[in-house]
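Participant: Note that the sequence shown covers residues 1053 to 1741 in this note's numbering.
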Amino acid sequence: MPDFSRIKDSDFLPAFAAGMAEQLREVKAITDNPAPPNFENTTLALEQSGALLLRVRQTFTNLNASNSDDALDKLDAEIQPRLAAHKDAINLDPALFARVDRIYKDRSHLLLDPESFQLMMRQHHIMVSAGAQLPEAAKTRLRACNTEIAELMARFRLSLLKANNDSAVVVDDLSQLDGLSPSEIATAAAAAGQRGLKGKWLLVLTNTTTQPMLAELRDRALRERLYHAVVNRGVGGADDTTATIARLLRVRAERAKLLGFPNHAAAMLAEETAGTPAAVDAMLRALTPPVRAAAMREQAALQQFIDKQAAAAGGHGVKLEAWDWDFYAGQLRKAAYDYDDAEAAPYFEINRVLQDGVFYAAHELYGLSFHERTDLPVYNPDVRVFEVFGADNKPLALFLADYYARSNKQGGAWMDNFVDQSHLLGLLPVIVNNLNVPKPQPGEPVLLSFDDVRGMFHEFGHALHGMLSDVQYRSLSGTNTPNDFVEYPSQFNEMWAREPAVLAHYAHHYKTGAPIPDALFRKIIAAQNFNQGYAYMERLEASTIDMALHETSAAQAPAAKDIGAFEDAALRRTGLLLAAVPTRYHASYFRHIFGDEYSAGYYAYTWSEVLARDTGEWVHQHGGLTRANGEVLRAKILSRGRTQEPHDLFKAFYGREPEVGPLLDYYGLQPAPAAAHETAPAKQAPTSN
C-alpha cells in the first residue's frame, strides 16, 4: 500500500518520468538481446517491465479521482498525452513486435502452461490492435491520434468536474427544501457556506441524470430547475464539453479506420466478450420491448396516481414529466407497498451494512475475514482500511473503504486497485471502493437508502474479483478483463443485498439493535421490482446513445451543436425515446465514455448483468449462500482473471450460453412466454485487422 503520508503532488511528475524511462530501458534490453526470442527473454521480460510506472500511475489515478486538487487536475491534463505516447513507443516498436510475433508464430511448438500461453497470446493481440503491423506513415498518424485522444479525455474530465460544481443549484428560500431531511438541509447549508453563500443552500449534483433529491423535493418548480441544471451540464458556456466530445468522436473514428475497423465501436468490441457491435445491438434489441412495455405501464400507473391524488384534493393533476417521476414513484411505492426508504433507512446504518452485510456474505461464501487497520496512513481521514484474510488465516489483501462525498472527488461509485495481485511479482492486492454518500454532521449516523446498500455490495463484488485473484501474471489478474465481463462479479454480488439470509443479518435498527421487522423485510423485497421498467430503460437509453455515437465514421459523427438531436434520433429509432424516462447520462456529462475507458462499452453493465442473473439462478438452484457455491465461483470465475477468455470461463461455469430470462425475472420484467428463454447473443469472432 502506498505510504500516503510521504506523497506530495510535486512527486508525481518526476515519478512518472522515472517510471517511463525505466520501462523504456527494460524494453530496450529485450530488443537488444542477441539470443533468439523465447518466452523467458521476451514474453516474461515484457510482463515484468514497467513496475515502477504502474505503481505511480495507479496511485495517481486513484488520488486524482477521489482526493484531487488543482495541481493534480493540471498534471492529469499534462501527463495523459505523455503516457499515451509512451504506450505507443512500446506497442509500435518494430524490434519488439518482431520478437513477440516470432514467438506467436512458433506457438504450436511451445510447451507452455495455459496461463503462460494466454499471456503470450494477449501480448501479441495487444500490439496488433495497437497498430504494430501498420506501415510507418500510418503509425505516425496513429501516434498523433492517441496523443490527441488522451488530451481530449483529460480536458473532458476537467470540464465536467467544473460543470458539476458550477451547475449546483442555489436555493434562497428554506421552504423550497420541504421534503429533505434535516441532515440533507444541513449538508446543503454547509455546501453553500463553503462557497461563501451565506444564508443560502446549495444542491450539489451527482453524476447521473436522476438526482436523489428529485424523489424528495415537494416544490415542483425546484425539481424542474434541478433537473434542467443536470441535463444542461456541459452544454455551452465556460464548462462546455460538447466541442471536446465532437472532436473526440472524429479522432476515435479516424484511429479505428487506421486500424482496419469501420468505426470505433467495432475496434473496441473486438477486445470485448461480446465481440462485435452487432452482438451488442442484438442484446439491446432483445431487452428493449419488455423493458419499454414495463416503463409505459409504470408511466400510465403514475399518471393515474397523480390524477387520482389531484381529484381527491379538488384539482387537476399535472402531466408527468421527467422531474416528477421519482417524486411520484416514491409516493406510489409507499401507497402500493406501504414502504419508503425513510422507513427502512434506520435499519441500514453504514457500518452495520458493511460489517454484517457485505463482509458477512463474503465470509459465508469465500471464508474471508476482515480486520480493521488504524496504523496505516490514508489519503483522507474518511478512508478506512481493512486487512483481508482467507479461510486459512493467511493475509489475502488490503481493502480501503472510501464512502463519503467530497467536492474534490468524482461522482458515482467505483472500485480500483492500488496494487494488482501477481504470484510472479509476489504482490498481494490493495483494493479501494468508492461511494459518494453525503457525510453527516458530527454525531449523526449514516443511514443509507437501499440503493446505496446495493451500491456497496456492487462495488465490493469488484473488490472480490481483485482480492480473490490467484494468477501468475499481473496483466491477467483480477479485474484486468473486458468491460463487459468486469461488471459481472459486481452485478452478481448485488443479489446478496436483497437475499433474506443476508438482509436479516445486517438490517438492524441503529438505535435499538432490533432486527428489521418481518413485515418491513417483506415490503422491501416486494418493492425491489417496483419501477424497474424505468430504471432499466434509462440504462438501455444510455447504452444506445453510446453505441450510436461510436458506430459513426469520422464523416458521420455529429457536430457539437447536433449532439442532442443525434441522441434523440438514436433513441427514437430504437423505440427508447420516452420523454418522461430520461437517459441515465447525456453525452455532455457521460464520463464513462468520454472521460474513462468505457467508450462503446456502457452496454457492458447490461451484458454483464445477463451473466450475473444467470449465475444467481445457478446459485439458488445449488443451495444459495454456501461455502461450496462460493468455492465453485471462486475457482471458476473470481480467481481466474483473464487467464482464459471470459466467454469461455462463463460457459465452462454455466454449462451453456447466457440467457436473458433470469434477468427479466429478477426485475419482474417478464415478456410474453415465447421470448422468455431468448438467449443473449453468443460471442462472435473478433473483427480482423
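Glycine included, each C-beta is placed from N, C-alpha and C at the ideal position.
Keep in mind that this is a model prediction, so the values were computed, not measured.
Could you give the distance in angstroms between the alpha-carbon of proline 1541 and the alpha-carbon of arginine 1550?
Facilitator: If I take the Cα positions, the gap works out to 16 Å.
Participant: For serine 1445, does the count of other Cβ atoms within 10 angstroms reach 16, so buried, or fall short, so exposed?
Facilitator: The sequence shown places asparagine at residue 1445, not serine. With fewer than 16 Cβ atoms within 10 Å of its Cβ, asparagine 1445 is classed as exposed.
Participant: Among Ala1067, Asn1217, Ala1334 and Leu1715, which residue has its Cα nearest to the Cα of serine 1459?
Facilitator: Of the candidates Ala1067, Asn1217, Ala1334 and Leu1715, the one whose C-alpha sits nearest the C-alpha of serine 1459 is Asn1217.
Participant: Applying the criterion that 16 or more other CB atoms from any shown protein chain within 10 Å of the CB defines a buried residue, is leucine 1163 buried or exposed?
Facilitator: Exposed, because fewer than 16 other Cβ atoms sit within 10 Å of the Cβ of leucine 1163.
Participant: At what residue ranges does the segment 1676-1725 contain a whole run of the alpha helix (DSSP H), taking only runs of 4 or more?
Facilitator: Counting only runs of 4 or more, we get 1679-1685, 1698-1706 and 1713-1718.
Participant: Ignore the nearest five residues each way along the sequence and tell me which others in threonine 1340's own chain have a CB closer than 7 Å to its CB.
Facilitator: Counting only Cβ-Cβ distances below 7 Å, and skipping sequence neighbours, we find Leu1592, Thr1626, Gly1627 and Leu1628.
Participant: Run through the segment 1320-1395 for me and flag every whole alpha helix (DSSP H) of 4 or more residues, listed as ranges in chain order.
Facilitator: If we require 4 residues or more, the alpha helix (DSSP H) runs fully inside the segment 1320-1395 come out as 1329-1364 and 1377-1389.
Participant: In three-state DSSP terms, what is serine 1421?
Facilitator: Strand.
Participant: Work out the CA separation of aspartate 1376 and alanine 1365 for me, nearest whole Å.
Facilitator: Cα to Cα, the separation comes out at about 18 Å.
Participant: Hey, is the segment 1408-1418 in contact with the segment 1506-1520, meaning 3+ C-beta pairs nearer than 8 Å?
Facilitator: Enough Cβ pairs lie closer than 8 Å, so yes.
Participant: Taking Cβ positions, are phenylalanine 1149 and methionine 1173 nearer each other than 8 Å?
Facilitator: No.
Participant: State the beta-bridge partners of isoleucine 1645 as determined by DSSP.
Facilitator: In the DSSP output, where bridge partners are listed per residue, isoleucine 1645 has none listed.
Participant: Measure the C-alpha to C-alpha separation of lysine 1250 and valine 1498 and round it to an integer number of angstroms.
Facilitator: So the alpha carbons of these two residues sit roughly 26 Å apart.
Participant: Can you tell me the Cα-Cα spacing of lysine 1735 and alanine 1338, whole angstroms?
Facilitator: Legend: pLDDT at lysine 1735 = 33, less than 50; position of this residue unreliable, no value from coordinates given.
Participant: How would you label glutamate 1496, buried or exposed, when you count the other beta carbons within 10 angstroms and need 16 or more for buried?
Facilitator: Per the 10 Å Cβ criterion, exposed.
Participant: Measure the beta-carbon distance from isoleucine 1201 to arginine 1304 and round it to whole angstroms, keeping in mind my assumption that it falls under 8 Å.
Facilitator: Confirmed, about 6 Å.
Participant: With a Cβ-Cβ cutoff of 8 Å, do tyrosine 1654 and alanine 1594 count as a contact?
Facilitator: Cβ distance < 8 Å, so tyrosine 1654 and alanine 1594 count as in contact.
Participant: Which one of Lys1371, Val1343 and Leu1212 has the shortest CA to CA distance from arginine 1272?
Facilitator: Nearest C-alpha to arginine 1272: Lys1371.
Participant: Give the secondary structure of leucine 1476 by DSSP, where H, G and I count as helix, E and B as strand, and everything else as coil.
Facilitator: Coil at leucine 1476, not helix or strand.
Participant: Using 8 Å as the cut-off, can you tell me whether the segment 1643-1652 makes contact with the segment 1604-1616, which would need three or more C-beta pairs spanning the two stretches below that distance?
Facilitator: Verdict: no, contact absent.
Participant: Could you give the distance in angstroms between the alpha-carbon of alanine 1319 and the alpha-carbon of glycine 1720?
Facilitator: Going from the Cα of alanine 1319 to the Cα of glycine 1720 covers about 35 Å.
Participant: Is DSSP giving proline 1447 helix, strand or coil here?
Facilitator: Residue state, collapsed to three classes: strand.
Participant: Isoleucine 1615 and threonine 1260 - do their beta-carbons sit closer together than 8 Å?
Facilitator: No, these two residues do not count as a Cβ contact at 8 Å.
Participant: Between which two residues does the alpha helix (DSSP H) harbouring methionine 1179 extend?
Facilitator: Taken as a continuous stretch (DSSP letters only), the alpha helix (DSSP H) holding methionine 1179 covers 1166-1182.
Participant: Name the DSSP bridge partner or partners of aspartate 1230?
Facilitator: For aspartate 1230, which the question treats as bridged, DSSP gives the partners Leu1232.
Participant: DSSP three-state call for glutamate 1078: helix, strand or coil?
Facilitator: Note: glutamate 1078 maps to helix in three-state DSSP.
Participant: Asparagine 1545 lies in the alpha helix (DSSP H); which residues open and close that run?
Facilitator: Where asparagine 1545 is concerned, the enclosing alpha helix (DSSP H) stretches over 1535-1545.
Participant: Do you know whose CA, among Ala1281, Ala1220 and Gly1231, lies nearest lysine 1252's CA?
Facilitator: Of Ala1281, Ala1220 and Gly1231, the residue nearest in Cα terms is Ala1220.
Participant: Roughly how many angstroms lie between the CA atoms of leucine 1630 and arginine 1665, to the nearest whole one?
Facilitator: Rounded to the nearest angstrom, the two C-alpha atoms are 27 Å apart.
Participant: Taking the alpha carbon of aspartate 1717 as the reference point, which residue from Ala1704, Ile1358, Pro1634 and Phe1582 has its own alpha carbon closest?
Facilitator: Looking at the Cα atoms, Phe1582 is the closest of the given residues.
Participant: Whole angstroms is fine: what's the gap from histidine 1602's alpha carbon to serine 1120's?
Facilitator: One C-alpha to the other measures close to 30 Å.
Participant: Please name the residue, chosen from Ala1081, Lys1461 and Ala1240, that lies closest to leucine 1115 on a Cα-to-Cα basis.
Facilitator: Checked all of Ala1081, Lys1461 and Ala1240; the closest Cα to leucine 1115 is Lys1461.
Participant: Would you call the segment 1671-1687 in contact with the segment 1415-1431, where contact means no fewer than 3 C-beta pairs closer than 8 Å?
Facilitator: Flag = yes, the segment 1671-1687 and the segment 1415-1431 touch.
Participant: Can you tell me which of Leu1212, Pro1166, Pro1146 and Phe1169 puts its alpha carbon nearest to the alpha carbon of glutamate 1188?
Facilitator: The shortest C-alpha separation from glutamate 1188 is found at Pro1146.
Participant: In terms of DSSP beta bridges, what is aspartate 1034 paired with?
Facilitator: The question about residue 1034 has no answer here: the residues shown for the chain are numbered 1053 through 1741.
Participant: So for arginine 1285, helix, strand or coil by DSSP?
Facilitator: It is coil, neither helix nor strand.
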